[in-house]
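Just below is one structure, and these are the notes that go with it.
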Amino acid sequence: MTDVISSARDTREVVLQTKNLKVHFDGENSEGKKVKIRAVDGVDFTLHKGEIVALVGESGCGKTTLARVFSLIYKPTYGDVTVLGQPLKEAARNERKYYRKVQLIFQDPFASMNSLKRIVHIVGRVVQIHKMAGRGAAVRKRVEELLGHVNLVPAEKFINQFPTDLSGGQKQRVAIARALAVEPSIILADEPTSMLDASIRLEVLNLLSDLRDNDGLAVLIITHDIASARYLSDRINVMYGGRIIEEGPTEKIVSDPVHPYTELLIGAAPDPAHYKGSGHSAVQASSTNAPVDNSIKMVGCRFANRCPHAISRCVDAPIPEYVSKDGDRRAMCILAEKRDDFINPNDPALPGATSYTEEQL
Amino acid sequence: MTDLLPATDILHAETPHIETSEEIAARLAASPPLLVAENLDVTYVTEAGEVPACRNVNLTLHRGEILGVAGESASGKSTLLNALARLQRPPAITSGGKVTFYPTDDSDPMEISSMSEEELRERRWTSLSFVMQSAMACLNPVIRLESQFTDVIREHDPEVSKEDASKKAGELLEMVGIPAHRLKAFPFQLSGGMQQRALIALSLACDPDVVFMDEPTTAVDVIMQRQILSQILHLQARLGFAIVFVTHDLSLLLEISDRIVIMYGGRFVEVGSAEQIYESGLHPYTRGLRSSFPPLSEPVRKLHGIPGTPPDLLGLPVGCAFAPRCPRATQLCLEERRN
């Protein structure tokens, strides 16, 4: 889509990119009939070097599935994935080499570490396996460096401790140190702060932000907490029903969303400024709570059944991907037509328009 | 509970009146006490020593009040909740103080700490009711929802027929937006959000005076959280029960609470209205917690949370438990505790 209008961020190196990525699973519906579950259904996603991109959306929207494609857990059903300029299929042939470039941080630091091993072993093992340092003392020295890098100082104090000796925030920082051990280019963080206490969440968010600024790390952060996403990320991708329905610079998305779902997501997040007595109501007229059923084939917008603005066009025809005039934002919602700052790049009236049809399987 | 509205009416019901801080204060001042805790101490007796999980808690909950309790892990907030409802089990014991319950039928006040198990049993669900964090752990996975609801209803009113109890169970489910036919479902057949809402419906089965809610929305995503909160607030406005709502998410508490208690190291460090806690928190811990949540509508600036880790309750300092992490601690803070 960005072929039509180029944007400033295109000058930076692309580290992760998908084109029309689909991940479908075979499943059963409530009647036991075999159905196809379209967990990821045509996603164009880009991550640049030195950039933090947030993927936000409710449970079941496909955000974790997308990250699992990048972590080689699921194979794409359709579409192209490029990792550091190489097609995913080629890059994935040598897994160890792949994980040297792409590292993961999980939600639960209590479950992602062997609690019977000391920190020096947990982080040192990665250093050894990936041959990032020599043996014995060199490994230990490297572990100390890494702990220092995530502000676990003095490193000598932490290196011989067990995960159970540490707080949640400290454990998550060990998990980050372990991910950094291979000097990766990309970090995939799936809800890295949702298990942590509020007061220590920020230390993890600030650490990721420092790693971006100082080491040029590219980070994909998955979260349903849009306030954290706003605090940390450069860009936000809003996912719904297996598709990215809105994407763009964080501040623009949060302050001026196009898609009603993005609006719903922002409105649902608790905002301390809306304290009781401030004249705001915590009660919101929520749309029907029908969860997304990805097994139903659908041409139009999956959000239409919950959307207050839906018209027949929303369900009858594929929704074009509207692009902002500066090329920096995309939105899959016909409401973009009402805005002066968005155009439909597939509009035949537009010079240089590309024809885009929903690719069928 | 004969005036239950079907779910659709709840969703389209008018938003409860939006009060100003002054109106909230006036309402609380005019409303009689429901639950009063005096000098409450809760201790965990462990092999490693006596853990002072709650100390010197003084609290008055008014009828129809929504009281928020905020704090980090291990600050004693769940312990307090269990102690107020006398649900704690050994090794937790109430080692000091008392909790008094003032029934809404204006009968004599009763001291929860000295009630017999049988008296307490009568008051559970009908006066004091509970919503836990993990719905799946509270609902029996191998019993259909219907039996779990009718059990509670008929236990407390044996004169209700099976059919009437089923009908009421259906109404309760619809009240939280779940179709009544799902009564036939087993809990595992419901989504996480639905389980949580079923549990809320169950907590309201016997028209309680106060519902204790322990992180009822922590396991669901923000959209489901907002739906659940909206339903709780609608029901609360209509049925008038009081809520003690425990969560670590202060920004959520600020939105829903009449008053907020901030706990640290087993003690109340500050109590105030949502406005006071937001605008002018006095304790450095309150301020730290308050600025630990990135804003959504205000400009973003670099935040630092609260450096350091929560205190070890087995080795609490003599002075203020927060002093080791406090940016404004003085020598006096380390030596003495002030109330």
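Those sequence lines, one after another, are chains A and B.
Residue 361 is where the first sequence ends in this note's numbering, and the numbering goes up by one at each step.
Residue 339 is where the second sequence ends in this note's numbering, and the numbering goes up by one at each step.
A virtual CB, placed ideally from N, CA and C, is assigned to each residue, including glycine.
To the nearest angstrom, how far is it from the Cα of residue i to the Cα of residue j?
| i | j | result |
| --- | --- | --- |
| Val57(B) | Ala273(A) | 28 Å |
| Glu163(B) | Val176(B) | 21 Å |
| Pro32(B) | Glu270(B) | 22 Å |
| Arg290(B) | Ile277(B) | 8 Å |
| Leu180(A) | Asp213(A) | 15 Å |
| Leu145(B) | Ile105(A) | 38 Å |
| Phe186(B) | Glu171(B) | 18 Å |
| Val35(A) | Asp26(A) | 6 Å |
| Met213(B) | Arg267(B) | 19 Å |
| Val244(B) | Tyr231(A) | 30 Å |
| His48(A) | Ala54(A) | 12 Å |
| Met113(A) | Leu314(B) | 26 Å |
| Leu59(B) | Glu335(B) | 26 Å |
| Glu263(A) | Pro308(A) | 11 Å |
| Asn82(B) | Pro257(A) | 43 Å |
| Leu205(A) | Lys98(B) | 42 Å |
| Gly169(A) | Pro310(B) | 11 Å |
| Lys157(A) | Phe322(B) | 23 Å |
| Val318(B) | Pro324(B) | 11 Å |
| Ile46(A) | Arg238(B) | Position check: residue 46(A) holds Thr in this sequence, whereas Ile was assumed. Computed Cα separation, rounded: 49 Å. |
| Leu5(B) | Glu65(B) | Its pLDDT being 37, under 50, Leu5(B) is placed unreliably by the model, and nothing is read from it. |
| His156(B) | Cys206(B) | 8 Å |
| Arg12(A) | Gly216(A) | 11 Å |
| Ile298(A) | Ile200(B) | One point to set straight first is that residue 298(A) is Met, not Ile, in the sequence displayed. Distance between the alpha carbons of Met298(A) and Ile200(B): 34 Å. |
| Pro341(B) | Ile253(A) | The requested residue 341(B) does not occur in the structure, where chain B is confined to residues 1 to 339. |
| Leu80(B) | Ala227(A) | 29 Å |
Alpha helix (DSSP H) containing residue i: first to last residue?
| i | result |
| --- | --- |
| Lys101(A) | 95-101 |
| Glu144(A) | 137-149 |
| Arg178(A) | 168-180 |
| Val79(A) | The sequence given here places Gly at residue 79(A); Val does not occur at that position. Segment 78-83 is the beta strand (DSSP E) holding Gly79(A); no alpha helix (DSSP H) there. |
| Arg125(A) | 119-129 |
| His156(B) | 145-156 |
How should residue i be labelled, buried or exposed, when 16 other C-beta atoms within 10 angstroms of its C-beta is the threshold for buried?
| i | result |
| --- | --- |
| Leu146(A) | buried |
| Glu31(A) | exposed |
| Arg121(B) | exposed |
| Pro307(B) | exposed |
| Ile129(A) | exposed |
| His17(B) | exposed |
| Phe241(B) | buried |
| Asn140(B) | exposed |
| Ile153(B) | buried |
| His181(B) | exposed |
| Glu58(A) | buried |
| Arg302(A) | buried |
| Ser161(B) | exposed |
| Ser115(A) | exposed |
| Pro90(B) | exposed |
| Phe70(A) | buried |
| Leu332(B) | exposed |
| Ser199(A) | buried |
I believe residue i touches residue j by the beta-carbon criterion, under 8 Å. Please report the beta-carbon distance rounded to the nearest angstrom.
| i | j | result |
| --- | --- | --- |
| Ala74(B) | Val42(B) | Wrong, their Cβ atoms sit about 13 Å apart, outside the cutoff. |
| Val375(B) | Gly193(B) | As displayed, chain B neither begins before 1 nor continues past 339, which places residue 375(B) out of reach and without an answer. |
| His149(A) | Ala175(A) | No, His149(A) and Ala175(A) are not in contact; Cβ-Cβ is about 13 Å, not under 8 Å. |
| Arg226(B) | Gln284(A) | 6 Å |
| Val14(A) | Ile236(A) | With 8 Å as the limit, Val14(A) and Ile236(A) do not qualify as a contact, their Cβ atoms being about 18 Å apart. |
| Gly71(B) | Tyr264(B) | 6 Å |
| Thr223(A) | Asp234(A) | Actually they are not in contact, since the Cβ atoms of Thr223(A) and Asp234(A) sit about 14 Å apart, beyond 8 Å. |
| Val123(A) | Asn160(A) | In fact, because the Cβ distance is near 12 Å, the residues do not count as touching under 8 Å. |
| Asp80(A) | Lys19(A) | 4 Å |
List the endpoints of the continuous beta strand (DSSP E) containing residue i.
| i | result |
| --- | --- |
| Met175(B) | Per DSSP, Met175(B) belongs to no beta strand (DSSP E); it is in the alpha helix (DSSP H), 162-175. |
| Gln107(A) | Careful: Gln107(A) lies outside any beta strand (DSSP E) and carries neither H nor E. |
| Ala37(B) | 33-46 |
| Asn20(A) | 14-28 |
| Val204(A) | Counting along the chain, Val204(A) falls outside any beta strand (DSSP E), though it belongs to the alpha helix (DSSP H) covering 198-215. |
| Tyr231(A) | Here Tyr231(A) belongs to no beta strand (DSSP E); instead the alpha helix (DSSP H) covers 226-232. |
| Glu51(A) | Taken as a continuous stretch (DSSP letters only), Glu51(A) belongs to no beta strand (DSSP E), as it is neither H nor E. |
| Ala189(A) | 186-190 |
| Arg235(A) | 235-240 |
For chain E, is any of its Cβ atoms less than 8 Å away from the one on residue i?
| i | result |
| --- | --- |
| Asp221(B) | Protein chains A and B are contained in the structure displayed, whereas chain E is not. |
* **beta strand (DSSP E) runs wholly inside the segment 269-298 of chain B, at least 3 long, in chain order** => none
* To do: May I have a chain-ordered list of the beta strand (DSSP E) segments no shorter than 3 residues that lie completely inside the segment 228-253 of chain B?
  => 242-247
* Could you pull out every unbroken beta strand (DSSP E) segment of at least 3 residues lying fully inside the segment 80-104 of chain B, listed in chain order? => 92-101
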